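One structure is given below, encoded as structure tokens.
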Amino acid sequence: PKTRYNIGLAQRKGVTVRELAMEDLDVWYELYRQTTIRNGLFLHPRDYFEAVLLARANNTASPAQVKLLLAEAEGMPLSAMFLVLSGKRATYLYGASATVNKNFMASYALQKEAMLIAKAHGCKEYDLFGVSPGPDESHPMYGLYRFKT
Numbered sequence: 428p429k430t431r432y433n434i435g436l437a438q439r440k441g442v443t444v445r446e447l448a449m450e451d452l453d454v455w456y457e458l459y460r461q462t463t464i465r466n467g468l469f470l471h472p473r474d475y476f477e478a479v480l481l482a483r484a485n486n487t488a489s490p491a492q493v494k495l496l497l498a499e500a501e502g503m504p505l506s507a508m509f510l511v512l513s514g515k516r517a518t519y520l521y522g523a524s525a526t527v528n529k530n531f532m533a534s535y536a537l538q539k540e541a542m543l544i545a546k547a548h549g550c551k552e553y554d555l556f557g558v559s560p561g562p563d564e565s566h567p568m569y570g571l572y573r574f575k576t
């Protein structure tokens with residue numbers, strides 16, 4: 428669709444991206460909760476995501492890095508993601524977005540920043556980690572398909 432336009436729109440609307448710390452996990456979890464309710468998905472417990480972040484912290488021998496990124500504007504959390512950097516590959520592991528203020532196009536700004544982080548870490552591949560079954564507009568995950576393709 429209009430990816431470049433939406434990235435520019437997010438910038439014009441003041442969307443910024445920053446890395447969250449473990450103490451900010453509740454910000455992620457609220458966006459994730461909204462996403463699962465909106466799309467009828469399985470809701471992992473908060474502890475699940477804490478374990479994802481701690482897995483890297485507790486295994487310093489692993490070259491992989493896990494980053495929790497947040498896109499926000501006007502003090503509002505809009506979109507967030509888990510980005511895994513391992514070797515030459517970056518993986519968009521989990522994503523979430525607010526139910527309101529979709530017109531900020533924060534998810535586009537978030538993906539752009541994640542790709543820049545991946546490039547800075549020497550990654551040559553960016554894995555969007557799966558899409559819905561296909562371009563069927565009646566499928567409940569069609570929006571995800573459209574975003575990732």
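Residue numbers (our numbering): 428 to 576.
Backbone N, C-alpha and C fix where the C-beta goes; we use that ideal spot for every residue, glycine too.
A quick note: this is a predicted structure, and the numbers were derived from the prediction, not measured.
Exercise for the section: Output yes or no for whether 9 Å exceeds the beta carbon distance between L480 and M449. Expected result: yes
Practice task
Report the three-state DSSP secondary structure of L436 (helix, strand or coil).
Solution key: helix
Exercise for the section: Report yes or no: do the region 521 to 531 and the region 500 to 510 share at least 3 C-beta pairs separated by less than 8 Å? Expected result: The region 521 to 531 vs the region 500 to 510: in contact.
Exercise for the section: Just the C-alpha distance for G435 and M503, rounded to the nearest angstrom, thanks. Expected result: 19 Å
Exercise for the section: Check whether the Cβ atoms of A533 and E499 sit closer than 9 Å, and answer yes or no. Expected result: yes
Exercise for the section: Give me the Cα-Cα distance between A525 and L452, rounded to the nearest whole angstrom. Expected result: 15 Å
Exercise for the section: Quick one: residues in its chain with C-beta nearer than 8 Å to the C-beta of A517, no 5 flanking neighbours on either side, listed in chain order? Expected result: L510, V511, A541, M542, I544, A545, H548, C550, E552, Y553 and D554
Exercise for the section: Report the rounded CA-to-CA distance for T443 versus A536, giving the unit in angstroms. Expected result: 8 Å
Exercise for the section: Verify whether the separation of the beta carbon atoms of W455 and L468 is less than 9 Å. Expected result: no
Exercise for the section: Let me know the secondary structure DSSP gives S506 once reduced to three states. Expected result: S506 falls in the strand class under three-state DSSP.
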